[in-house]
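K.L.:
Using my numbering, the first residue of the sequence shown is number 80, and each one after it goes up by one. Glycine included, every Cβ here is placed at the ideal spot set by N, Cα and C. Note that the coordinates shown come from a computational prediction; the quantities given were computed from them, not determined experimentally.
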Amino acid sequence: MIIHQAVFLLLASLSAWLFCSTVFKRFTAVKIKGNMPKVGNIPRGIWRVFKEVILQSRVIKDRPLVGIMHALVMWGFFVFTWVTAEHVWVGFFSPQNLNQIEHGWYGAFAAFWAILVLTGILELSFRRFVLQPKYLGKVSPTSALIAMFIVVLMTSYLFSWSEWTKNTTALYLNWWIHTLSLFGMLIVIPKSKHLHLILAPLAIMFRGDTTSKMRALDIENEDFGMIKFSDLLPKDILDINACVECGRCTEVCPANISGGTLNPKSVILNMQKGFLAGGNIIAGTDQEVSRHDAWVSENDLFQCLSCGACEQACPVGIEHVGGKILDLRRGLASEERIEDEKTTKLYFVMEKAPHNPWGIGQDMRRKFVKKEKLPIFDGSQEWLFWLGCGLSYDSHGQKVAVAMREVLNAGNISWGVFENETCCGEPARRIGNEGLYLELSQKLIDKFKQNKVKKIISCCPHCTTMLDNDYRQIPEYEPLGIKVVHHSELIAKIIPDLNLEFDFGEITYHDPCYLARGRNVVSAPRMILETCGLDIKEMEHFGHDTFCCGAGGGQMFIADDKKMDGSSRVNHLRFQEAQNTKVNAIAVACPYCPIMLQDAANHVERTDIKIWDIAEIVSARLKPRQKEAEKEDAMGNRQEEVIVRGGVKFHRHTNGGGLVAETAQVAPSVHVAPLAIIFGEAQLSENVQVTGRAQVGGSVVASDEIVFGGSVIVTEGEYRGKKIVYKK
Ligand code: SF4
Ligand code: SF4
Numbered sequence: 080m081i082i083h084q085a086v087f088l089l090l091a092s093l094s095a096w097l098f099c100s101t102v103f104k105r106f107t108a109v110k111i112k113g114n115m116p117k118v119g120n121i122p123r124g125i126w127r128v129f130k131e132v133i134l135q136s137r138v139i140k141d142r143p144l145v146g147i148m149h150a151l152v153m154w155g156f157f158v159f160t161w162v163t164a165e166h167v168w169v170g171f172f173s174p175q176n177l178n179q180i181e182h183g184w185y186g187a188f189a190a191f192w193a194i195l196v197l198t199g200i201l202e203l204s205f206r207r208f209v210l211q212p213k214y215l216g217k218v219s220p221t222s223a224l225i226a227m228f229i230v231v232l233m234t235s236y237l238f239s240w241s242e243w244t245k246n247t248t249a250l251y252l253n254w255w256i257h258t259l260s261l262f263g264m265l266i267v268i269p270k271s272k273h274l275h276l277i278l279a280p281l282a283i284m285f286r287g288d289t290t291s292k293m294r295a296l297d298i299e300n301e302d303f304g305m306i307k308f309s310d311l312l313p314k315d316i317l318d319i320n321a322c323v324e325c326g327r328c329t330e331v332c333p334a335n336i337s338g339g340t341l342n343p344k345s346v347i348l349n350m351q352k353g354f355l356a357g358g359n360i361i362a363g364t365d366q367e368v369s370r371h372d373a374w375v376s377e378n379d380l381f382q383c384l385s386c387g388a389c390e391q392a393c394p395v396g397i398e399h400v401g402g403k404i405l406d407l408r409r410g411l412a413s414e415e416r417i418e419d420e421k422t423t424k425l426y427f428v429m430e431k432a433p434h435n436p437w438g439i440g441q442d443m444r445r446k447f448v449k450k451e452k453l454p455i456f457d458g459s460q461e462w463l464f465w466l467g468c469g470l471s472y473d474s475h476g477q478k479v480a481v482a483m484r485e486v487l488n489a490g491n492i493s494w495g496v497f498e499n500e501t502c503c504g505e506p507a508r509r510i511g512n513e514g515l516y517l518e519l520s521q522k523l524i525d526k527f528k529q530n531k532v533k534k535i536i537s538c539c540p541h542c543t544t545m546l547d548n549d550y551r552q553i554p555e556y557e558p559l560g561i562k563v564v565h566h567s568e569l570i571a572k573i574i575p576d577l578n579l580e581f582d583f584g585e586i587t588y589h590d591p592c593y594l595a596r597g598r599n600v601v602s603a604p605r606m607i608l609e610t611c612g613l614d615i616k617e618m619e620h621f622g623h624d625t626f627c628c629g630a631g632g633g634q635m636f637i638a639d640d641k642k643m644d645g646s647s648r649v650n651h652l653r654f655q656e657a658q659n660t661k662v663n664a665i666a667v668a669c670p671y672c673p674i675m676l677q678d679a680a681n682h683v684e685r686t687d688i689k690i691w692d693i694a695e696i697v698s699a700r701l702k703p704r705q706k707e708a709e710k711e712d713a714m715g716n717r718q719e720e721v722i723v724r725g726g727v728k729f730h731r732h733t734n735g736g737g738l739v740a741e742t743a744q745v746a747p748s749v750h751v752a753p754l755a756i757i758f759g760e761a762q763l764s765e766n767v768q769v770t771g772r773a774q775v776g777g778s779v780v781a782s783d784e785i786v787f788g789g790s791v792i793v794t795e796g797e798y799r800g801k802k803i804v805y806k807k
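#1: Indicate the three-state DSSP secondary structure (helix, strand or coil) for V683 in the structure shown.
#2: Mind reading off the beta-carbon distance from M350 to I361? Whole number of angstroms is fine, and I expect it under 8 angstroms.
#3: With the cut-off set at 8 angstroms, would you say L88 and F172 are in Cβ contact?
#4: Using three-state DSSP, classify K689 as helix, strand or coil.
#5: Could you tell me whether the Cβ atoms of G339 and Q382 are closer together than 8 angstroms?
#6: CB-CB under 7 angstroms to L90, same chain, minus the five flanking residues each way: which ones, in chain order?
#7: Compare the Cα-Cα distances from M148 to each of T160, T258, F157 and Q135 and report the closest residue.
#8: So, are the CB atoms of W374 and K344 less than 8 angstroms apart?
#9: Please classify W691 as buried or exposed, where buried requires at least 16 other C-beta atoms within 10 Å of its C-beta.
#10: The alpha helix (DSSP H) with L652 in it runs from where to where?
#11: Helix, strand or coil, according to DSSP, for Y214 in the structure here?
#12: When DSSP labels each residue in this structure, what does T340 get in the three-state scheme?
#13: When you measure from the CB of G304 to every non-hydrogen atom of ligand 2, does any distance come out below 7 angstroms?
#14: Give the range of the alpha helix (DSSP H) segment to which D547 is assigned.
#15: So V384 and P333 are in contact, right, with Cβ under 8 angstroms, and what is the actual spacing, rounded?
#16: Applying the criterion that 16 or more other CB atoms from any shown protein chain within 10 Å of the CB defines a buried residue, is L738 buried or exposed?
#17: Return the bridge partner residues of E585 from the DSSP annotation.
#18: Contact between the region 407-422 and the region 454-474 is defined here as three or more beta-carbon pairs at a separation below 8 angstroms; is this criterion met?
#19: Counting pairs of Cβ atoms below 8 angstroms between the region 418-425 and the region 313-320, do you hit three or more?
#20: N378: which of E585, F157 and E367 sits nearest, CA to CA?
#21: Return the CA-CA distance between D678 and H475, expressed in angstroms with no decimal places.
#22: Just to confirm before moving on: does the CB-CB distance between H620 and E656 stay below 8 angstroms?
#23: Out of curiosity, what's the CA-to-CA distance linking G629 and F159?
#24: Between the Cα of I81 and the Cα atoms of L296, P174 and A694, which residue gives the shortest distance?
#25: Just verifying my parser: in three-state terms, what is the DSSP assignment at W494?
#26: Verify whether the separation of the beta carbon atoms of T544 and R598 is less than 8 angstroms.
#27: Sorted by chain position, which residues of the same chain lie with C-beta nearer than 7 angstroms to E485's C-beta, five sequence neighbours on each side aside?
#28: Look up L93 in the DSSP assignment and say whether it is helix, strand or coil.
#29: If I'm right that I688 touches N663 with Cβ under 8 angstroms, what's the distance once you round it to whole angstroms?
#30: Within the present structure, is the beta-carbon of H399 separated from the nearest heavy atom of ligand 1 by less than 7 angstroms?
#31: Measuring only from the beta carbon, is L407 closer than 7 angstroms to any heavy atom that is part of ligand 1?
#32: Look at I397 and I347 and say whether their C-beta atoms are less than 8 angstroms apart.
#33: Does ligand 3 have a heavy atom nearer than 7 angstroms to the CB of P591?
#34: According to DSSP, is K562 helix, strand or coil?
#35: For G458, which of helix, strand or coil comes out of DSSP?
#36: At a cut-off of 7 angstroms, is A388 close to ligand 1 when judged by its beta-carbon and the heavy atoms of the ligand?
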């Protein structure tokens, strides 16, 4: 027994020491500087870890079968924690009881889980080693080893639990096989992607709340962006060590899908390789990368659209964009090592007054503001309508500005625009020119201060992100207490008070990445379109899973337009998705998207497909006051029209405010749009969804399977046989 204990102790100590020293090496290959980022909202961070680690929500969402199999293995780890603790205890302190099997309920429970873990690991291994999907990349030998250890651990447990033999030597041998697999796994884990078992919860906890978020540079301490491995911050080191090589990031990357060489998974893994190999410089030319003088190609970095799809797909909380790709662009720019001609040309254009990426003079903007009688902001108005370069210089953008004028006036909003505006610095920061961004932002902050700006509305998700996120990293900006909203958010608030001429039809809506993923705004634009009477036909990628139009991350100005093959350009791929919906109208909520989509439409000669900003759609439906007056009778009462839509007979009141129904008969599987108000007697059948600001009152009889979401109020009626008096 003493020999047994000595050998056990020796092996346990050796594997524990190898585990700790490898983990230590993986984190101290360079001197770590800086601190972990603050978790903005701790309860939200804990909830995120619970959802994504414990419940495996991200893993299951995109690849359900694989995700469930992975979840079985991971939950098995939790179940076997107790079994393993007991195993180690017996090995150390009670070797005479090695073959005494736990036959209580927990033993049976663990045996059941062992079968589930075996099912999971065998399915995952079959996929990884036999099917070998492209996005998983090369088969890694350590993955095979870990899979083998898990299989041995589970089968050896099942053997001992089922008392398959009374032969004590065989049982003793089985015990040692289990033990050696356990120690073997402990040694291999930190040398493999399975280190994510420990790192993923941390990376998820410390992940930012939005995608593609860039950090503030510490210029005073000569921090000009990410250049060397010694510039990595703790979260970056966590990220590059946590990758599970699943390829989900690359699978959703529009730059990669459209035939580019950018591969976000490779960016992370190459950084990991360089870091562990003691590399110095992170990014460089293709030649430098092939010589291992650098590890990530500059050419790849400048293909990124900063759409954030990779970060959203990553199951272990890795931040590829703001914290790596865009930071490396800043590092390259600060050392003047950028070779891409278009990027250097854009620097040149933007560095000259009036600093906009189109390089057009302020005169044109001033003329436009004057011609369209846009009121000038003088500090007395509630809102500054920030035009940004898109609405100032692009011809379609200017139409959107005029449409917004109508919408804001109709909503009795007090607003004005700056007579002169410079760029907010968005393209400059995204393509690495931090110096120019800081210069432009400082000028603007002074202007906001002088003009006592308190609220800003912008039609551009890129400007909105700058003014509401990036600028907040500048100490002088935050005390100004400026509220920033995207126009979809403001219009969604005021639309109930607008008098709209409903115009029914079908439309598809393209979610801008910086709005949907970056700002989490997906329902407001849809609610606006539905309130205008439009039925939305969704594209293959929509909402938070949207697909970039091809303009983000400065690509609007630096994209490689030599790629003339339609299938290999991001905007063409997105336009194809719009065409697949078979509707001839696309709604957008960003000035860049219509430019990119129109370019793709022209390429395939689909000029019949119209592209409208949501502001244009609302503005086109605003009722002329004259017409409105005609609809009132002598008593001042509004007339009603009857509309049948999606199986609902709506009595629409002409005083606006959405769809109003009396005595509604709602057919099965109908989605009652936001702002619908059903009063009087409503009979709701199965599978009806009432969402948003719907109100169901009067005598309501609601059958089973009805989903009430948003701020629905059911004032009176019956639901699942129970009387409803008031429910919110
Ligand atoms: S941000 Fe978008 S384009 Fe850039 S690497 Fe991620 S998925 Fe690819
Ligand atoms: S970075 Fe994330 S999504 Fe990409 S391969 Fe690694 S773990 Fe998977």
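P.N.:
Result, derived from the coordinates:
#1: coil
#2: 6 angstroms
#3: no
#4: strand
#5: yes
#6: F262
#7: Q135
#8: no
#9: buried
#10: V649 to N659
#11: helix
#12: coil
#13: no
#14: P540 to D547
#15: Looking at the sequence provided, one finds Leu at residue 384 rather than Val. Between P333 and L384 the Cβ distance is about 6 angstroms, and since that is below 8 angstroms, they are a contact.
#16: Confidence in L738 is poor, its pLDDT being 41 and thus under 50, which makes the residue's placement unreliable; the coordinate value appears in the next sentence. Counting Cβ neighbours within 10 Å, L738 comes out buried, since at least 16 surround it.
#17: D614
#18: no
#19: no
#20: E367
#21: 13 angstroms
#22: yes
#23: 47 angstroms
#24: P174
#25: strand
#26: yes
#27: S698 and L701
#28: helix
#29: 5 angstroms
#30: yes
#31: no
#32: yes
#33: Absence of ligand 3 from the depicted structure is noted, with ligand 1 and ligand 2 being the only ligands included.
#34: strand
#35: coil
#36: yes
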